[in-house]
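J.: Its first residue numbered 7, the sequence shown is counted upward by one per residue in this note's numbering. Ideal placement from N, C-alpha and C gives every residue a C-beta, glycine not left out. From a predicted model like this one, the values you see are computed outputs, not experimental measurements.
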Amino acid sequence: MADKGNSPMRRKERKEKEFTEMTEEMKKEGQRTVDNGELSSGEAVNNGAVAISQNGDFQVEPTELPPFEIITGDRIDPFVFKFQFKNVEYSSGRNKTFLCYLVDKGNTADGLLRGYLEDEHTGSHAEEVFFIQCLPHYDPTLKYTVTWYVSSSPCSACAAKIAEVLKARKNVKLSIFAARLFEWEEVEIQAGLKALHAAGCKLRVMKPLDFSYTWDTFVENEEQPLNLWEDCKENYEYYHEKLSDILQ
Ligand SMILES: [Zn+2]
Numbered sequence: 007m008a009d010k011g012n013s014p015m016r017r018k019e020r021k022e023k024e025f026t027e028m029t030e031e032m033k034k035e036g037q038r039t040v041d042n043g044e045l046s047s048g049e050a051v052n053n054g055a056v057a058i059s060q061n062g063d064f065q066v067e068p069t070e071l072p073p074f075e076i077i078t079g080d081r082i083d084p085f086v087f088k089f090q091f092k093n094v095e096y097s098s099g100r101n102k103t104f105l106c107y108l109v110d111k112g113n114t115a116d117g118l119l120r121g122y123l124e125d126e127h128t129g130s131h132a133e134e135v136f137f138i139q140c141l142p143h144y145d146p147t148l149k150y151t152v153t154w155y156v157s158s159s160p161c162s163a164c165a166a167k168i169a170e171v172l173k174a175r176k177n178v179k180l181s182i183f184a185a186r187l188f189e190w191e192e193v194e195i196q197a198g199l200k201a202l203h204a205a206g207c208k209l210r211v212m213k214p215l216d217f218s219y220t221w222d223t224f225v226e227n228e229e230q231p232l233n234l235w236e237d238c239k240e241n242y243e244y245y246h247e248k249l250s251d252i253l254q
């Protein structure tokens, strides 16, 4: 197996590269949004929700973004999407989960339910909130087809909760497409993903085409196509291989 960049040196380099890219993107975006007059630069930075501590790590800026907050919405800001869904190997600064959802209840007048949730890892997680806010009334006579596009795969607690829901509600079919695998090296995380898989959840890593689809469906894209970042496919293959290893 070739070096996948896991040596401490490579990790550090990647982290630094990622950091530089992100701050440049944020600077550019801050400039752009101010020019448009749509957002103040403060708001644009707030969407990124990062600050840099003395040791160079990213941290949530608590005064700007309070914890225990769940944000729901129709379409995601394009800059926020490009940052939060980027399938980088190390997710520095991306300390929240974005969950885009589609719900099809079969033959009902409700049509297709579409929207997104975002959380902070310090509060209730988006995965849990979905079942409370987006699917509060469960009708056992309906067939639910639920699709999530998430910025990162569930933590072990959420995976266990989702697995419980799927076991109790046999006519809910859930597919989860994740941009990144959250702490996939951890044994509990791997156990959570296996439990989800065993409970009938379809788990996949987002392919380049899935990013374009999510962009078209859930982002304020102003009719512009998504320009995929250069290592999107390579990163997908990396995570896809990890997930296959975990679930086999
Ligand atoms: Zn969670």
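1. Residues in the same chain with beta-carbon distance under 7 angstroms from Asn-227, minus the five sequence neighbours each way, listed in chain order, please.
2. Using 7 angstroms as the cut-off, classify the Cβ of Cys-140 as near or not near the heavy atoms of ligand 1, replying yes or no.
3. Excluding the five sequence neighbours on either side, which residues of its own chain have a C-beta within less than 6 angstroms of the C-beta of Asn-241, listed in chain order?
4. Among Glu-124, His-131, Ala-174, which residue has its Cα nearest to the Cα of Phe-87?
5. Leaving out five residues on either side along the sequence, give the residues of the same chain with a beta carbon under 6 angstroms from the beta carbon of Pro-160.
6. Here's a check: name, in chain order, each residue in its chain whose Cβ is nearer than 7 angstroms to the Cβ of Leu-199, leaving out the five neighbours to either side.
7. Look up Leu-180 in the DSSP assignment and give the residues it is bridged to.
8. Identify the continuous alpha helix (DSSP H) that holds Thr-255 and give its terminal residues.
9. Provide the residue span of the beta strand (DSSP E) that contains Phe-217, from first to last.
10. Would DSSP call Ala-106 helix, strand or coil?
11. What does the Cβ neighbour count give for His-131, buried or exposed, with the cut at 16 atoms within 10 Å?
12. Would you tell me roughly how many angstroms separate the C-alpha atoms of Trp-235 and Cys-140, rounded to the nearest one?
13. Which whole-angstrom value is the C-beta distance of Ala-163 and Ala-201, which I expect to be below 8 angstroms?
T.: Walking through what the data contain:
1. In the sequence shown, residue 227 corresponds to position 221, counting from 1. Excluding residues within five positions, the ones whose Cβ falls inside 7 angstroms are Pro-84, Trp-221.
2. Reading the sequence shown from its first residue, position 134 is the one you call residue 140. Cys-140 Cβ: outside cutoff for every heavy atom of ligand 1.
3. Against the sequence shown, residue 241 aligns to sequence position 235. If we look at Asn-241 and ignore the five residues flanking it on each side, its Cβ neighbours are Asn-93.
4. By one-based count along the sequence shown, residue 87 stands at place 81. Phe-87 has its Cα closest to that of Glu-124, out of Glu-124, His-131, Ala-174.
5. Translated into positions along the sequence shown, residue 160 becomes position 154. Excluding positions up to five away in sequence, the list reads Glu-133.
6. One-based indexing of the sequence shown puts residue 199 at position 193. Counting only Cβ-Cβ distances below 7 angstroms, and skipping sequence neighbours, we find Ser-159, Ala-165, Leu-209, Ile-252, Leu-253.
7. Here residue 180 refers to the residue found at position 174 of the sequence shown. Per DSSP, Val-152.
8. Coverage of the chain is limited to positions 7 through 254, which leaves residue 255 absent and any answer about it impossible.
9. Here residue 217 corresponds to residue number 211 of the sequence shown, with the count starting at 1. Looking at the DSSP string, Phe-217 is not in any beta strand (DSSP E); the run it does join, the alpha helix (DSSP H), is 214-224.
10. Within the sequence shown, numbered from 1, the residue matching residue 106 stands at position 100. Here residue 106 is Cys; the residue named in the question, Ala, does not match the sequence. Three-state result, Cys-106: strand.
11. Here residue 131 is taken as the residue at index 125 of the sequence shown, counted from 1. Buried, by the Cβ-count rule.
12. As a working mapping, residue 235 is identified with position 229 in the sequence shown. As a working mapping, residue 140 is identified with position 134 in the sequence shown. Between Trp-235 and Cys-140, the alpha-carbon positions lie close to 31 angstroms from each other.
13. If you number the sequence shown from 1, residue 163 lands on position 157. If you number the sequence shown from 1, residue 201 lands on position 195. That pair is no contact at about 11 angstroms.
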